[in-house]
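Asker: Let me give you the structure first, and then I'll get to my questions.
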Amino acid sequence: MAQIGGEAAAKRRNPSSSGEDRLSALPDDILVLILLRLDTISEAARTSVLSLRWRRIWTLLPKLAFNLAPDYHHIREVLAAPETPALRRIFVVTKDDAPDSAAAWLPLAARRLSGYLVYRNLVEGQGDDEEEEDGAIALPCFGNATRIYLDLGFLALSLPSSGVFTGLRELCLKSVRVQGQCELGDVVSSLRCPSLRKLRVCDTQGLARLAVQSESLLKIDLQYLNGLQQLRIDALVLKELRLQSCFVGNQPVANISAPQLVSLKWRDAYDPSSVQLVNLGKLQRLSSYFMLGYWQRYDVHNRGVLQLLYRFQDIHRLIIALDYRKASSHPLLCKMRNFQYVMEDIKVLPNVAFLTILVTDGRHTFGGCLFQVLRLCAGIRRFSLFVCRSRDLEAESTCPTDCICDEATNWKTEELSLNGLQEVEITGLRGAEHEVVFLKLLFNWAVVLEKMRVTFDYSISQSKAKELCQKLSSFSKPETDVQFYMYQNCDRKSVHLLSLEDEGAGV
Numbered sequence: 001m002a003q004i005g006g007e008a009a010a011k012r013r014n015p016s017s018s019g020e021d022r023l024s025a026l027p028d029d030i031l032v033l034i035l036l037r038l039d040t041i042s043e044a045a046r047t048s049v050l051s052l053r054w055r056r057i058w059t060l061l062p063k064l065a066f067n068l069a070p071d072y073h074h075i076r077e078v079l080a081a082p083e084t085p086a087l088r089r090i091f092v093v094t095k096d097d098a099p100d101s102a103a104a105w106l107p108l109a110a111r112r113l114s115g116y117l118v119y120r121n122l123v124e125g126q127g128d129d130e131e132e133e134d135g136a137i138a139l140p141c142f143g144n145a146t147r148i149y150l151d152l153g154f155l156a157l158s159l160p161s162s163g164v165f166t167g168l169r170e171l172c173l174k175s176v177r178v179q180g181q182c183e184l185g186d187v188v189s190s191l192r193c194p195s196l197r198k199l200r201v202c203d204t205q206g207l208a209r210l211a212v213q214s215e216s217l218l219k220i221d222l223q224y225l226n227g228l229q230q231l232r233i234d235a236l237v238l239k240e241l242r243l244q245s246c247f248v249g250n251q252p253v254a255n256i257s258a259p260q261l262v263s264l265k266w267r268d269a270y271d272p273s274s275v276q277l278v279n280l281g282k283l284q285r286l287s288s289y290f291m292l293g294y295w296q297r298y299d300v301h302n303r304g305v306l307q308l309l310y311r312f313q314d315i316h317r318l319i320i321a322l323d324y325r326k327a328s329s330h331p332l333l334c335k336m337r338n339f340q341y342v343m344e345d346i347k348v349l350p351n352v353a354f355l356t357i358l359v360t361d362g363r364h365t366f367g368g369c370l371f372q373v374l375r376l377c378a379g380i381r382r383f384s385l386f387v388c389r390s391r392d393l394e395a396e397s398t399c400p401t402d403c404i405c406d407e408a409t410n411w412k413t414e415e416l417s418l419n420g421l422q423e424v425e426i427t428g429l430r431g432a433e434h435e436v437v438f439l440k441l442l443f444n445w446a447v448v449l450e451k452m453r454v455t456f457d458y459s460i461s462q463s464k465a466k467e468l469c470q471k472l473s474s475f476s477k478p479e480t481d482v483q484f485y486m487y488q489n490c491d492r493k494s495v496h497l498l499s500l501e502d503e504g505a506g507v
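Numbering (full-length UniProt numbering), first residue to last: 1 to 507.
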């Protein structure tokens with residue numbers, strides 16, 4: 001402790017006749033609140049030179065932050081101090097840490113923590129490509145912790161084979177290599193995590209099998225579990241489940257039982273012969289995606305998505321992403337041959353009230369694809385379209401040469417009645433010809449449309465946006481309230497309402 005606080009406190013100067021050290025006279029809890037405003041434990045410890053009174057105040061802090069060196073070198077010393085009270089938060093950031101270094105302080109933290117642990121190990125480049133470290137961090141049982149967040153930069157982690165995480169409500173594991181005999185499913189199930197509400201595991205290796213049995217979990221988020229072969233979830237009160245890119249390269253094998261499930265985001269491989277979704281009686285929101293591109297495996301994926309959609313009859317909100325993949329340079333593969341095949345395969349979709357479609361590459365003509373989906377969801381009341389563009393494609397305004405995305409033209413002439421559609425939201429509009437054509441037709445299809453909100457892509461100018469406002473307004477019926485918005489800057493977080501008469505008002 002002396003290394004942080006100094007060898008001795010500085011002598012207090014004699015107060016002048018007109019001054020007094022009133023700060024040091026404040027109660028301990030007030031001084032602790034003052035020190036909590038400092039960023040790290042080292043900054044708090046340096047106040048010990050102010051007086052003998054201040055020398056002990058920093059040891060009473062209920063929240064500790066160790067941000068890289070030199071802070072991190074003192075973490076074991078601080079946690080082992082007998083003066084340290086029960087801790088509500090421990091925040092630790094390291095760089096290129098080693099397992100034995102973390103193993104030295106984690107057991108001390110487990111004994112003192114009754115709140116939130118954050119441990120992030122920063123690595124240079126892609127940590128999962130680096131040579132694996134010898135050994136693994138042995139995670140102790142945090143009996144009183146309420147939230148644990150571990151981002152280890154692909155350090156190995158072994159889970160405790162005994163002990164109960166009595167108070168744990170949230171657990172997040174990121175960039176972890178799971179090792180050892182104890183399985184993650186055993187740790188997070190009800191016997192050992194009776195209060196767990198949220199589980200998030202992403203960018204993780206070593207989980208070939210994950211079996212979760214929980215009577216408390218409300219949300220499970222699994223993303224990029226490299227090497228996952230089998231998933232089993234039995235969660236009595238689970239409300240939200242997200243599965244994304246976990247079965248890449250493997251046959252999906254899963255059994256999900258969640259009778260209270262409300263939201264399912266399945267962005268992964270699906271095969272009804274090996275994936276069992278049972279007892280999902282309350283599902284209201286379903287999200288999945290089609291891959292539109294140049295490879296045979298996309299066809300397999302898309303057929304699986306269709307089989308997933310066929311499984312449900314009624315969904316309050318359906319979210320479908322049209323994920324355009326980059327072209328191959330090989331001349332025989334530079335055709336989006338499966339684009340139209342996907343649309344021809346769609347025969348039926350669930351009864352949907354609120355439909356959302358996300359287009360990941362807005363350079364392509366997407367009207368034909370949207371027409372097919374809308375045709376099968378003709379009873380919708382609300383429709384949202386988000387046209388997204390990745391940063392590396394923003395400079396390109398048209399799709400690649402020889403792309404067949406606009407070969408199907410029947411959507412421009414066929415009749416479609418969306419008799420229940422009342423509200424439409426379009427985000428990311430650039431004003432391309434195919435976009436304008438689609439919106440003109442949408443105004444005709446939606447015979448009882450009450451409200452449409454259009455937000456232009458941030459890259460177009462205000463003069464271009466106002467020109468589009470005039471054109472699109474001419475398509476609408478008098479009873480339809482049409483509003484146009486522009487992003488105020490490239491962060492796309494705030495918009496302002498466009499007025500055709502003036503410069504617009506902020507919102």
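Glycine residues also receive a C-beta, built at the ideal position from the N, C-alpha and C atoms.
Would you mind sorting Ser273 into buried or exposed? The rule is 16 or more other CB atoms within 10 Å of its CB.
Answerer: exposed
Asker: Who are the Cβ neighbours of Glu450 in its own chain at under 6 Å, not counting the five residues just before and after it?
Answerer: Gln422
Asker: Determine the closest residue to Leu322 out of Asp268, Leu152, Ser288, with distance taken between C-alpha atoms.
Answerer: Ser288
Asker: Pull up the CB-CB distance for Pro99 and Gly153, whole angstroms please, since I reckon it's below 8 Å.
Answerer: Not really, about 11 Å apart at Cβ, beyond 8 Å.
Asker: Quick one: Cα of Val495 to Cα of Gly185, how far?
Answerer: 44 Å
Asker: Which partner residues does Ala145 have in the DSSP bridge list?
Answerer: Beta-bridge pairing links Ala145 to no other residue.
Asker: Could you tell me which whole beta strand (DSSP E) segments of length 3 or greater appear in the stretch 130-202?
Answerer: 147-158, 170-179
Asker: Tell me, to the nearest whole angstrom, how far the beta carbon of Leu498 is from that of Phe438; I am working on the premise that it is less than 8 Å.
Answerer: Rounded, the Cβ-Cβ distance is 20 Å, inconsistent with contact.
Asker: So, with DSSP's three-state summary, where would you put Asn444?
Answerer: helix
Asker: By DSSP's criteria, residue 516 is part of a beta bridge. Which residues make up the other side?
Answerer: Look at the range of the chain in this structure, 1 to 507, and you will see that residue 516 is not part of it.
Asker: Could you give the DSSP three-state label for Ala211: helix, strand or coil?
Answerer: strand
Asker: Determine the burial state of Thr413: buried for a count of at least 16 other Cβ atoms within 10 Å of its Cβ, exposed for fewer.
Answerer: exposed
Asker: Can you grab the Cα-Cα spacing for the pair Leu218 / Tyr298, in whole Å?
Answerer: 32 Å
Asker: Do Trp105 and Leu79 have their CB atoms nearer than 8 Å?
Answerer: yes
Asker: On the DSSP letters alone, give me the boundaries of the alpha helix (DSSP H) that Val78 sits inside.
Answerer: Counting along the chain, Val78 sits inside the alpha helix (DSSP H) bounded by residues 75-80.
Asker: Return helix, strand or coil for Gly281, following the three-state DSSP convention.
Answerer: coil
Asker: Comparing alpha-carbon positions, which option in Phe456, Asn410, Leu374 lies nearest Val387?
Answerer: Taking only the C-alpha atoms, the option nearest Val387 is Phe456.
Asker: With respect to the alpha helix (DSSP H) encompassing Trp105, which residues constitute its N-terminal and C-terminal limits?
Answerer: 99-112
Asker: Can you list, in chain order, the residues of its chain whose CB lies under 6 Å from that of Ile426, leaving out five sequence neighbours each side?
Answerer: Leu385, Val454
Asker: Among the candidates Leu236, Leu261, Val253, Gly227, whose CA atom is the shortest distance from the CA of Arg242?
Answerer: Leu261
Asker: In chain order, what residues of the same chain lie with their CB nearer than 8 Å to the CB of Gly227, ignoring the 5 residues before and after it?
Answerer: Contacts found: Gln205, Gly206, Leu207, Ala208, Asn250.
Asker: Should Arg381 and Phe354 be called a contact, given that it needs their Cβ atoms to be closer than 8 Å?
Answerer: Taking a C-beta distance under 8 Å as the contact criterion, Arg381 and Phe354 qualify as a contact pair.
Asker: Could you give the distance in angstroms between the alpha-carbon of Glu394 and the alpha-carbon of Lys466?
Answerer: Bear in mind that the predicted position of Glu394 carries a pLDDT of just 48, short of 50, making it unreliable; the figure below should be weighed with that in mind. When rounded, the distance between both Cα atoms is 21 Å.
Asker: Between Leu429 and the ligand NAP, is there a pair consisting of the residue's CB and a ligand heavy atom that are separated by less than 7 Å?
Answerer: Absent from the structure shown: the ligand NAP. Ligands present: none.
Asker: Leaving out five residues before and five after Asp129 in sequence, what residues of the same chain have Cβ atoms less than 6 Å from its Cβ?
Answerer: Low confidence applies here, because Asp129 scores a pLDDT of 49, under 50, leaving its location unreliable and the question unanswered by this model.
Asker: In the DSSP assignment, the alpha helix (DSSP H) including Glu425 goes from what residue to what residue?
Answerer: Unbroken run through Glu425 is the beta strand (DSSP E), 423-429; no alpha helix (DSSP H).
Asker: Let me know the secondary structure DSSP gives Gln313 once reduced to three states.
Answerer: coil
Asker: Taking the alpha-carbon positions, what's the Arg120 to Gln213 distance?
Answerer: 28 Å
Asker: At which residues does the alpha helix (DSSP H) containing Ala465 begin and terminate?
Answerer: 462-473
Asker: Can you tell which of Gln313, Phe383, Leu64, Ile460 has its C-alpha closest to the C-alpha of Ala86?
Answerer: Leu64
Asker: If you drop the 5 nearest sequence neighbours on each side, which residues of the same chain put their C-beta closer than 6 Å to that of Val278?
Answerer: Excluding five sequence positions before and after Val278, the CB atoms of its chain that fall closer than 6 Å to its own CB belong to Ser257, given in chain order.
Asker: Does DSSP put Leu228 in a helix, in a strand, or in coil?
Answerer: Correct three-state label for Leu228: coil.
Asker: Could you check how far apart the C-beta atoms of Ile90 and Ala109 are, in whole angstroms? I think they sit under 8 Å.
Answerer: 5 Å
Asker: Decide if Leu150 is buried, meaning its Cβ has at least 16 other Cβ atoms within 10 Å, or exposed.
Answerer: buried
Asker: Tell me Thr94's beta-bridge partners as DSSP assigns them.
Answerer: Answer is Asn121.
Asker: Buried or exposed for Asp97, going by 16 or more other Cβ atoms inside 10 Å?
Answerer: Classification for Asp97: buried.
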